[in-house]
Structures are given as structure tokens and as C-alpha cells.
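To convert, note that position 518 of the sequence shown is 547 in the working numbering; the numbers rise steadily by one, no gaps. By construction, the Cβ of each residue, glycine as well, lies at the ideal position given by its N, Cα and C atoms.
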Amino acid sequence: MATRKPETGWHGENSDVNHLRGRAFEATCLAATAFGLVSVLILLLFVANDAFRPFSADAGWLATYAATVVVPLAALAVYYYRLDEPAGEVAYVTSGLPVVGLLLTGGFAVLFIELISVLGWFALLISLAVAAGLIVAHGRLRPKAALERLGVVFLAPVITVFGLPPIWFNSFVTDAAAALGLDFGLYYRVISLREAIMMLPFVPTDWVMLLLTLVLPIAGAAGWFVEQRRESRRDGLAVVGMTTAVAVLGPVAGPLLGIGTEVWLLLVTFAALPLGVYVEGVIRRGEGVRGLAFPVVAVLGVAAGAVATSALGFAGPNPWLDWGFLTSATSRTAADAGIYPSMVGSVMMIIVIVLTTFPVGVGAAIYLEEYAPSQGLMGKFVTLIEINIGNLAGVPSVVYGLLGLALFIRVLQWPQGSVIVAGLAVGLLILPIVIISAQEAIRSVPDSFRQASYGMGATRWQTIRQVVLPEALPGILTGTILALGRAIGETAPLLMIGAAASVRLAPNSFFDVASMMPRQIFSWSSELDPAFRHGVLAAGVITLLAVLLVMNATAIVIRNRYQRTG
């Protein structure tokens, strides 16, 4: 009887296999990763040192803030990392949410200052709400008239926001009236509902309009989210009520804090509301509550450091990156140079990208994954399209700049270097990335979800809208935010479409010539004055990196949170 050889594991732990090469490869990969991370960290430290110039402060100032801020936060971070990981996650989220909220507050403040008035925003939102009501009403009155609904979906927002142009209106109505021997005198365009609202002699104050069209809708969305997650309408209504009550304090609290009523409403909407909902959820669950101490210690430490340094007379640093840099225009003098017009240009460019690239990219992904045939000649054609989309994701960015130059400037005759051209050119650059990430997110939805929806009698579109998209939305948002992070830092397309190197005034329209943060930073790098190349340039780089890191961190939090709850 033959004896069987003893079985060994797949990795050969009981055999004579030499593990030296595997361990050497592991150590090499670890060393390469560590070298890359340390190199980037050193580079960022050099740039941050040039931007903030911490060593220009008194030694006592540095020691005071090290004792009140750095040491306590470092001790808490080590404690969370070693002993309480859930508390560490809570600490970092509660520290990051206010930062994201402040960025959104700044973005909307720039929007209302440079692009649209509060009255214009109010009129636009009311017009879109009326258009949405017409679409919903048509769907309920004529549920089977799909072709009519398509026309209503297209025409309702156009008429309520833009009105009827005189050429189309005259050619249609006047000819019909002439055939009947009538003359209505309709020789002027019909204004839109938006324009009619803006022409009213009496309108609410700015803070009331913001309360009605910004605070209450976002608070309602947050309340609906809380209601769905906790299955409690009372909790959802409590979120709406608390947010409204705090927002109504704006006319009193805003001037007392010296920030204005409108800024108070923006802070309540984008910073206080999400932070309050998250903190309440942490306390209610009782998991990671110790992490709430991190932002409290940070705020108290900064306050204690400010009081101590002021009492002891220690002078602080003289940084390049300060409030004046963020709110000033560029200048030929390094001490007076700022990044505000370029920051406004970048915000407006991102708006163009979001409004054009996101719906097109997600729509293309839905078609390719849910509707496109996989067999026959059309199936081969769809496969060819997907291959080309993958190839387009690797095309150099300068090629998209040349495409934008040829298509939008040479063919469409749009202003060279304008915001709309920059947004569309950079949007074309990230469009393949958005499509691919959305495809992966839709593909990750289990097919059993679709089959269950079909089994309950839902149509394909109802299944996509009510089952597939809600499940795929976290992945779609993650990929889109990462793509936007790449878009905001691109420089080559801006050079090709003729974006201005420097502008003194922020753009007031999407067709205005503008400069964006990467283009302005590139311009500062060619200045002869060393103060520009080492001080102003570093401040601009840190500003751009802060926006990129916040966007990427937001994407990571969305992904991790939904992966854990999924």
C-alpha cells in the first residue's frame, strides 16, 4: 500500500520553499511606498514653510501654540489610533465637516457677490420650482402621454427662466393672426417668470429670500435623509425646525458677530446643519463619542494660545497666505498680490463642469450599462465605444485644450479665455473618467436587485431610477468628486484656450475672460521677483492643494461610509 505524501498549504509552510525572495520583494515595495510618501511630505513642508513662514514668529509664540494646540491634538490622535479607532474616525469627520462647510460657504458667497444677486437667485429658484410643478402636474394629469411630457420637460424650464424669443413668437403667432385678419400687436418678446419676479416693485429682503430658497430646501433634504435613515418623521421635522430656528436668528446674530445676515445663513446651511446632524447621530448611537473631544480641544487650544500670546506680547508669523491674500486681486507687488479673481474663476469653471459633464457622463454610463445591446452588430459597436472611452481617459490634457480651442473658439466663436470655454474644455477632459467611474458603480449593483424590481412589476426605467441609481450613487459621487479634483488643478487646457495670466477683476459672467488658480500660479512662477516665486507662489499652491485635499477627503468619506452601511 502506497503511502500518501503529507499535504502542505498553498504557501508551502511545511516545505523547503525559500521565502527570502518574497520577503525581499515585500520590503522593496514598502520602501518604495515610504520613499514616495516621505518625499511628497518633505516637498509639502517646504511649500507650507514658504507660504506660512512660521519661523518669522517669536519663539515664545511657537512654544505657546505648541503647548496649547499641537501637543494635546497629537496626544489625542495617538490615543485614537492605538486604543479607540471609531473615536478617531469621529474626530476626523467632525474636524473636516466644518472645513468643507466653510469652503461651500465661501463658494456660495462668491456666487452671490460676483455672479448672481440674491434676488436673481430667488427668481431663478422660484421659476424652476414652477417649471417642476408643471412637469409633475402634466405627469399626473396625462400619465400615458410620454411624448407630450418630453416636450413639457424641455419647454417648461425654458419658458419660465428665459421666456419666449421675439423671432419665434412673431413668426408663429403673427402669421396665424394675419391669416385670420387680426393684429394683436405682439411685436415684443414675452418675458419669463424669472424676469417678472425681478421686476416686482416689492420683494422680500435678501435674508428672507435666502431663507426660502436655500436654507429651507437644504434643511428639508437633510430632514428627509434623517427620516429615511431613522424611520422617524419626528426626527426629520426636528432637523428642519432646529435649522429654521437658528437661521431666523440671523438678523440679530450675524451683525453681532460682524459677518452679516446672509453669511450667517450660509454658515448655518453648509457648516452647522451637517455638523449638527452628524454629532447628534454619534451621540445617539454612543459609538466613538470620545472623538468629539478632538475639535473641542482644537478650538479651545487656539483660543487659549491667542489669549496667552496677546498677554505675553509674543509676535506671530507674517505669512504670505492670509485673509488678504484670499480676498485681494493680483498685483505687480508681491506684498499686495492675491488670488481672489482666480479663485472666483475656478469656482465658476467648476460650476460649468458640474452642469455639463455630470449629467452627460452619468447618462452615458446608464445607457451603456442598462440599455446598450451586447449582441450583434450594435453590440460590437457599443464595445468599440467603450474601448474608445477607456482610451480617451488616457489622452494628454493638452489635446483637450487644442480641442476646446478648435471647437469652442474657432467654430462657435466664443470669447477666447472665457469661463464657459475653460469649463467645457476641462469638462471634456474628465468626461471619460466620469463615465467609467459611473459605469463601475452601476455595474456593482447586484443583478438580483433588478430582478426583484422586475418581479414586482416595475419597468426598466423605474428600476433604474428607484433601485439602481440610489445604490450606485455613492460610487458615482466618489468618482465624480475625484475627477473634479483633477479638473480644478489642470493647467495645459487653460493655456491652450487662452485663459488670462492675471486679471484684476473677478468675472461676472460665464462669457467673461477669467484666470483660474492653476493659470495664475503658472504666471507667478515666471516672475523675476524672488518674492513671487518663493512666497506668493507657495501661498497659491497651498490654496489649490487645500481645495484638492478637501475634495478628495470628501470622496473618501462618502465611499467608506456607504461601503460600511451597504
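Checklist entry - Using the C-alpha atoms, what's the distance from Ala96 back to Ser477? => result Your numbering for residue 477 matches position 448 in the sequence shown. Your numbering for residue 96 matches position 67 in the sequence shown. When only Cα atoms are considered, Ser477 and Ala96 end up about 57 Å apart.
Checklist entry - Which of helix, strand or coil does DSSP assign to Ser26? => result In the structure as shown, the chain begins at 30 and stops at 595. Residue 26 is therefore absent and cannot be evaluated.
Next on the checklist: Taking 7 Å as the limit between beta carbons, can you name the residues of its chain near Ile220, skipping five residues before and five after?
Outcome noted: Taking the first residue of the sequence shown as position 1, residue 220 is located at position 191. Around Ile220, the same chain offers Gly192 as residues with beta carbons nearer than 7 Å, after the five sequence neighbours per side are excluded.
Item to check | Collapsed DSSP secondary structure at Leu350 in the structure displayed | outcome: Along the sequence shown, read from residue 1 onward, the residue named residue 350 stands at position 321. Residue state, collapsed to three classes: coil.
Checklist entry - How many Å lie between Met485 and Lys173 at the Cα? => result In the sequence shown, the residue the question calls residue 485 occupies position 456. In the sequence shown, the residue the question calls residue 173 occupies position 144. The C-alpha of Lys173 is placed about 20 Å away from the C-alpha of Met485.
Checklist entry - For Met378 versus Val448, is the C-beta distance shorter than 7 Å? => result Mapped onto the sequence shown, residue 378 falls at position 349. Mapped onto the sequence shown, residue 448 falls at position 419. The Cβ atoms of Met378 and Val448 sit closer than 7 Å to each other.
Checklist entry - Roughly how far, in whole angstroms, is the beta-carbon of Pro101 from the beta-carbon of Val311, given that I think they are within contact range, below 8 Å? => result Residue 101 sits at position 72 when you count from the first residue of the sequence shown. Residue 311 sits at position 282 when you count from the first residue of the sequence shown. Your pair Pro101 and Val311 does not check out as a contact, with CB atoms roughly 21 Å apart and the cut at 8 Å.
Next on the checklist: Can you look up Val532 in the DSSP assignment and give me helix, strand or coil?
Outcome noted: Residue mapping note: residue 532 aligns to position 503 of the sequence shown, counting from 1. If DSSP states are grouped into helix, strand and coil, Val532 belongs with coil.
Checklist entry - Under a Cβ-count criterion, where at least 16 other Cβ atoms within 10 Å of its own Cβ denotes burial, should Thr396 be classed as buried or exposed? => result Sequence index remark: in the sequence shown, residue 396 carries index 367 (1-based). Here residue 396 is Tyr; the residue named in the question, Thr, does not match the sequence. Classification of Tyr396: exposed, given that the 10 Å Cβ count is below 16.
Checklist entry - Ordered along the chain, which non-local residues of its own chain (more than five positions away) have a Cβ less than 8 Å from that of Ala487? => result By one-based count along the sequence shown, residue 487 stands at place 458. Leaving aside the five residues that flank Ala487 on each side, the residues in its chain whose CB is nearer than 8 Å to its CB run, in chain order, Gln495 and Val496.
Item to check | Residues that Ser447 bridges to, as DSSP identifies them | outcome: Here residue 447 refers to the residue found at position 418 when the sequence shown is read from its first residue. Note: Ser447 sits in a beta bridge opposite Val542.
Next on the checklist: Just to confirm before moving on: does the CB-CB distance between Ile550 and Gly569 stay below 7 Å?
Outcome noted: As a position in the sequence shown, residue 550 is number 521, starting the count at 1. As a position in the sequence shown, residue 569 is number 540, starting the count at 1. In this structure, Gly569 lies closer than 7 Å to Ile550 by Cβ.
Checklist entry - Going by other Cβ atoms of all chains shown within 10 Å of its Cβ, with 16 needed for buried, is Pro499 buried or exposed? => result In the sequence shown, counting from the first residue as 1, residue 499 sits at position 470. With fewer than 16 other Cβ atoms within 10 Å, it is exposed.
Checklist entry - Taking the alpha helix (DSSP H) that Asn417 falls in, what are its first and last residues? => result Stepping through the sequence shown from its first residue, residue 417 is reached at position 388. Unbroken alpha helix (DSSP H) run through Asn417: Gly405 to Leu421.
Checklist entry - So what does Leu193 bridge to, in DSSP terms? => result Within the sequence shown, numbered from 1, the residue matching residue 193 stands at position 164. DSSP, once it has assigned bridges, lists Val219 as partnering Leu193.
Item to check | Proximity to Val128 [Cα-Cα], best of Glu469, Ile465, Leu296 and Val67 | outcome: Here residue 128 refers to the residue found at position 99 when the sequence shown is read from its first residue. When each option's Cα is compared against that of Val128, the closest is Leu296.
Checklist entry - Helix or strand or just coil, what does DSSP make of Asp212? => result The residue given as residue 212 occupies position 183 in the sequence shown. Its pLDDT being 49, under 50, Asp212 is placed unreliably in this model, and the coordinates cannot settle the point.
Next on the checklist: For Arg313 and Tyr307, what's the separation of their Cα atoms in angstroms?
Outcome noted: Locating residue 313 in the sequence shown gives position 284, counting from the first residue. Locating residue 307 in the sequence shown gives position 278, counting from the first residue. So the two alpha carbons sit approximately 10 Å from each other.
Next on the checklist: Helix, strand or coil, according to DSSP, for Asn537 in the structure here?
Outcome noted: Counting from one through the sequence shown, the residue named residue 537 turns up at place 508. In the three-state reduction of the DSSP assignment, Asn537 falls in the coil class.
Checklist entry - What whole-angstrom Cβ distance do Val565 and Ala366 have, given they're in contact under 8 Å? => result To locate residue 565, count along the sequence shown from 1; it is residue 536. To locate residue 366, count along the sequence shown from 1; it is residue 337. Between Ala366 and Val565 the Cβ distance is about 5 Å, and since that is below 8 Å, they are a contact.
Item to check | Euclidean distance between Cα positions of Ile464 and Glu415 | outcome: If you number the sequence shown from 1, residue 464 lands on position 435. If you number the sequence shown from 1, residue 415 lands on position 386. Answer to the nearest angstrom: the Cα atoms are 10 Å apart.
Checklist entry - Any idea what DSSP makes of Arg171, helix, strand or coil? => result As a working mapping, residue 171 is identified with position 142 in the sequence shown. The answer is coil: DSSP assigns Arg171 none of H, G, I, E or B.
Checklist entry - Is the distance from the Cβ of Gly279 to the Cβ of Trp236 below 7 Å? => result Translated into positions along the sequence shown, residue 279 becomes position 250. Translated into positions along the sequence shown, residue 236 becomes position 207. Contact: yes.
Checklist entry - Using DSSP with H/G/I as helix, E/B as strand and the rest coil, what is Gln468? => result Here residue 468 corresponds to residue number 439 of the sequence shown, with the count starting at 1. The answer is helix: DSSP assigns Gln468 an H, G or I state.
Checklist entry - So, is Phe81 buried or exposed, given that buried needs 16 or more other C-beta atoms within 10 angstroms? => result Looking up residue 81 in the sequence shown gives position 52. Buried, by the Cβ-count rule.
Checklist entry - How would you call Val576, buried or exposed, if buried means at least 16 neighbouring beta carbons within 10 angstroms? => result Translated into positions along the sequence shown, residue 576 becomes position 547. By the Cβ neighbour-count rule, Val576 is buried, with 16 or more other Cβ atoms within 10 Å of its own.
Item to check | Leu513 and Pro303 closer than 7 Å at C-beta | outcome: Start at 1 with the first residue of the sequence shown, and residue 513 comes out as number 484. Start at 1 with the first residue of the sequence shown, and residue 303 comes out as number 274. No, Cβ-Cβ distance for Leu513 and Pro303 is not below 7 Å.
Item to check | Member of Ala535, Thr93, Leu578 and Phe151 whose CA lies at the smallest distance from the CA of Met238 | outcome: Stepping through the sequence shown from its first residue, residue 238 is reached at position 209. Considering only Ala535, Thr93, Leu578 and Phe151, the residue with the shortest C-alpha distance to Met238 is Phe151.
Checklist entry - Taking the C-alpha atoms as reference points, what is the distance between Gly289 and Tyr483? => result Position 260 of the sequence shown, counted from the start, is the residue given in the question as residue 289. Position 454 of the sequence shown, counted from the start, is the residue given in the question as residue 483. A direct Cα-Cα distance of roughly 53 Å separates Gly289 from Tyr483.
Checklist entry - So, is the C-beta of Ala225 closer than 7 Å to a C-beta in chain D? => result Protein chain content of the structure displayed is limited to a single chain, and chain D is not contained in it.
Checklist entry - Do you know offhand how far Leu266's Cα is from Gly252's? => result As a working mapping, residue 266 is identified with position 237 in the sequence shown. As a working mapping, residue 252 is identified with position 223 in the sequence shown. Straight across, the Cα-Cα distance linking Leu266 with Gly252 is about 6 Å.
Checklist entry - In chain order, what residues of the same chain have a beta carbon less than 7 Å from the beta carbon of Trp197, not counting five sequence neighbours either side? => result Walking along the sequence shown from the start, residue 197 turns up at place 168. Caution applies to Trp197, whose pLDDT of 46 falls short of 50 and renders its modelled position unreliable; the value that the coordinates give is listed next. For Trp197, where only same-chain residues beyond five positions count, there are no Cβ hits under 7 Å.
Item to check | Sequence-distant residues of the same chain with beta carbon closer than 6 Å to Ala530, five excluded per side | outcome: Along the sequence shown, one-based indexing puts residue 530 at 501. Same-chain partners within the cutoff: Ser552.
Item to check | CB-CB length for Leu240 against Leu294, believed under 8 Å | outcome: Locating residue 240 in the sequence shown gives position 211, counting from the first residue. Locating residue 294 in the sequence shown gives position 265, counting from the first residue. Contact between Leu240 and Leu294 holds: CB atoms are separated by about 6 Å, below the 8 Å threshold.
Item to check | Terminal residues of the alpha helix (DSSP H) in which Ser426 lies | outcome: In the sequence shown, counting from the first residue as 1, residue 426 sits at position 397. Taken as a continuous stretch (DSSP letters only), the alpha helix (DSSP H) holding Ser426 covers Ser426 to Gly433.
Item to check | Cβ-based neighbour list, Met580, same chain, cut-off 7 Å, excluding 5 preceding and 5 following | outcome: For the purposes of this step, residue 580 is taken as residue 551 along the sequence shown, with counting starting at 1. Close CB contacts of Met580 within its chain, under the 7 Å cut and outside five residues either way in sequence, are with Ile510, Leu513 and Gly514 (chain order).
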